[in-house]
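Chains as they are written, first to last, in our numbering: chain D, 808 to 1082; chain L, 109 to 435; chain C, 293 to 620. Some notes on the structure that comes next.
Pasting the structure below:
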């Protein structure tokens, strides 16, 4: 009898202490949540420990992995089909080589400039990781650097004369310096991958006042070829000639990016030079 | 209604004192006027048909219903104002003995014991022994019979060593043996000094069990008094069985203290009459029976049986209301 | 307090012996494996589609960043995307797969979905029976004729109810974690979760966004769910005082809760619906930064509305119960 009633007392004590503990815990959670919403602590992202996990190793290369980085050209802006040159290269290569070709990532971002790409290459763990996996890296960069130059040039033509060729020349060589850095960083990120750098073109060729921009573009491409030449696994694919007609046949409606036909030709050239 | 003489009988030491209790529910007066006292150690009957306001009154005694007017004092404390003190010395079973079916009998007692300080495990064992439930006290209540639940209910009511035990229709659902046991049990408790308040709609039960009785109908107490005053003498029929019926009728009709009743003038149940079809039905003034028997015998009439028969409750009410002029 | 404790003991033991809490545990033990299985199937499906979650994450980041360069996207949206980029980058840098189900993320997801309907229903299993159960069994007559003030009886019942609400929520957490961990692994406690989004109309104020470890996030979530559940419990108690039968009391409460869920899905235009308690139950979504059902609702608003409902329920419960005539 007494045993039974003592059993009841133990049951009660167990339930009560568990319940009180649970209630206090939940009450704390509630209070914390409310105070957290009321007085949120500052963002602490920066102080978190950096990259901790080890990067996974690449598997056996039974398939060709492609990673594309760079600006709107790689992104495929202007292509009504949304394919861009990257997807067309994937399709073309798998047809040509007859093995599996996979686009792992296309992390191109509209409007990216060399300085921003350098930042990303240096700091963006995601980009690092993507590049590491690649067997083939496709990239475009510099177009936005140069179009900034073109805008400067336009301004120069329409008034202030003191902003001359010298200034443009300086900016160009700055940009090329950064391109050098990009090449180095890409190579460092994955020295084994084949890298294709797609050269620049002058989208303003149809505009007579800006036609001379082609000369700056050519200087860029020249230097870029020189830079790429020092890396045995890097190739430059020139495409400037495709866009040098008055009608702008291969330009999209924004008169700046290639249209789908233009992208198709770019892809064609890349596929041609890859074996 | 309590008369002045009854009021003067009220002892100051009343365990339960009810004064001018009234209750209105949804604009309707359910209880008009209820007053009575229960003295220490007495078995007090509360008699009334179903719907007379018995249950409502009992619920007001134990604070289940708040009265519209009047007051209930238990052990000197006002139930409405100081329920904790007043109810400390009351045990009650209102209607059925409701206990938790999913607990064992012991757990039920433990539950109610915890609601009051000073009731230990020893006391629980004591009340279990009193009601004789030792065998199955640790079984779940849902396996109990009604009789066992009744016992458990009483055990629960006794836990706090109450001075007053309120039982509402305690014999409901019990078999004759159970009723007999209950009666003995009630007597036993009363002999130990406990006051009992027992409600019933059965006249016979109150007659057998109680010392005093309050009769309630239509939300009013019609009378309060000893059982013999109110029931035995005031309202009983006397049935005569004699060998020479005609002579006897003639003789009896000549007596002042006897009223002869014809068919339809009495409320005796047919079942009683079929057993003695030739009985002479009368009412007799209190204490007159021995004299009348002598007169019958002197008149050469052989008296085979004289039987007192209780009237139905309705009739008792009728009598009481006639006698005291209450509408 | 000294004589309140045995009363609480009574009520706690009664609920226990009535096996209500076992029913709750049983329901949880049946449902959680089902959800775990569903989640597992989903994870397997995803695995087929994307071989590498990192590539997936990288692509997602690039997509967000491209959206950021677009002029057509309003600044508020960009802000949100910036946060998302930050968050995804964080996962990438710490090498944690945010979509990989683990026991902790499963628990978090379950809790978040359970708070509006499932947990309130479990609470009703106990709360709706609180008074009406005693009344339909008639035991209330025994309970209230003891020398104990009625408010103490009700208070002890309320405390017991809160006990079981707490136990229910903790059990939900434990069962979720234990069961789903068998399939997904038990890790993930330190995974950062972002919180602190404040949504004002169409704008997301992300100035307060910050990362908290997963365990703390779950604790916050559970605390908010607990608050919601206690309010539901208070209302259930009120209905239980007012309505005679347990069934009627459960149906009444269920109807209002389900109505609230439906309303919060469709009544964005009906502004004053935000004062209905059941529309405010999903406090946990404020932690996630999900848009509220009706514009202008914030966590503080919802907590306030719920608190007012709870207070009214308390006043009515105690007011009625202490004066009520027990007629049957």
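Virtual Cβ for every residue (Gly too), placed ideally from N, Cα, C.
Neighbours of residue 882(D) in chain C, taken as residues whose beta carbon is under 7 Å from its own, are 358 in chain order. From the listed residues 838(D), 837(D), 904(D), 884(D), the smallest Cα separation to residue 1061(D) is found for 884(D). A distance of 8 Å or more separates the beta carbons of residue 202(L) and residue 155(L). Exclusion of the five residues before and after residue 485(C) leaves 400, 503, 504, 505, 506, 509 as the residues of its chain whose Cβ lies within less than 8 Å of its Cβ.
Using a Cβ-Cβ cut-off of 8 Å, residue 1036(D) is close to nothing in chain C; its nearest Cβ partner there is about 30 Å away. Distance between residue 457(C) and residue 523(C), taken at the CA atoms: about 10 Å.
Only those residues of the region 412 to 439 of chain C whose C-beta falls short of 7 Å from the nearest C-beta of chain L are listed: 429, 430, 431, 433, 434, 436, 437, 438, 439.
Interface residue (Cβ-Cβ distance to chain C less than 8 Å): residue 1070(D) is not classified as such.
For residue 325(L), the enclosing beta strand (DSSP E) starts and ends at 320 to 325. About 7 Å separates the beta carbons of residue 413(C) and residue 546(C), which is inside the 8 Å limit, making them a contact pair. Out of 382(C), 406(C), 411(C), 441(C), the CA that lies nearest to the CA of residue 930(D) is found in 382(C). For the region 222 to 234 of chain L, the beta-carbon criterion of a distance under 8 Å to any beta-carbon of chain C is satisfied by 222, 223, 224, 225. Using a CB distance below 8 Å, the part of the region 831 to 850 of chain D facing chain C consists of 832, 833, 834, 835, 836, 837, 838, 839, 840, 841, 843, 844, 845, 847, 848, 849, 850, ordered along the chain.
931, 932, 933, 934, 936, 937, 940: these are the residues of the region 921 to 943 of chain D whose beta carbon lies less than 8 Å from some beta carbon of chain C, given in chain order. Taking a C-beta distance under 8 Å as the contact criterion, residue 414(L) and residue 321(L) do not qualify as a contact pair.
Under DSSP, residue 416(L) shares a beta bridge with 346(L). Here the alpha carbons of residue 575(C) and residue 591(C) stand approximately 6 Å from one another.
At a beta-carbon threshold of 9 Å, the residues of chain D lying near residue 381(C) are 852, 931, 932, 933, ordered along the chain.
Contact with chain C is absent for residue 982(D), since none of that chain's Cβ atoms lies less than 8 Å from the residue's Cβ.
For residue 574(C), the closest Cβ of chain D is not nearer than 8 Å. Residue pairing by DSSP puts residue 1041(D) in a beta bridge opposite 1002(D). Closer than 8 Å to the CB of residue 829(D) there is at least one CB belonging to chain C. A Cβ-Cβ separation of about 12 Å leaves residue 223(L) out of contact with residue 297(C) under the 8 Å criterion.
With a contact defined as Cβ atoms closer than 8 Å, residue 395(C) and residue 515(C) miss out at about 20 Å.
For residue 400(L), the secondary structure class from DSSP, reduced to helix, strand or coil, is helix. Unbroken alpha helix (DSSP H) stretches of 4 residues or longer found wholly inside the region 495 to 531 of chain C: none. For residue 819(D) against residue 431(C), the beta-carbon gap comes to about 19 Å, at or over 8 Å, which does not count as contact. In chain order, 263, 266, 267 place their CB closer than 6 Å to the CB of residue 235(L), counting only its own chain and leaving out the 5 sequence neighbours on each side.
Comparing alpha carbon positions, the residue from 955(D), 1040(D), 957(D), 1030(D) closest to residue 997(D) is 1040(D).
Residues of the region 171 to 186 of chain L with a C-beta atom less than 7 Å from some C-beta of chain C are 171, 172, 173, 174, listed in chain order. DSSP assignment within the region 435 to 491 of chain C yields the following whole alpha helix (DSSP H) runs of 4 residues or more, N-terminal first: 442 to 476. Residue 819(D) belongs to the set of residues whose beta carbon lies under 8 Å from a beta carbon in chain C.
Residue 319(C) sits away from residue 313(C), with the two beta carbons spaced by 8 Å or more.
Interface residue (Cβ-Cβ distance to chain C less than 8 Å): residue 220(L) is classified as such. Here the region 132 to 139 of chain L does not lie against the region 1045 to 1065 of chain D, with fewer than 3 beta-carbon pairs under 8 Å apart.
Going by DSSP, residue 386(C) is part of no alpha helix (DSSP H) at all; its letter is neither H nor E.
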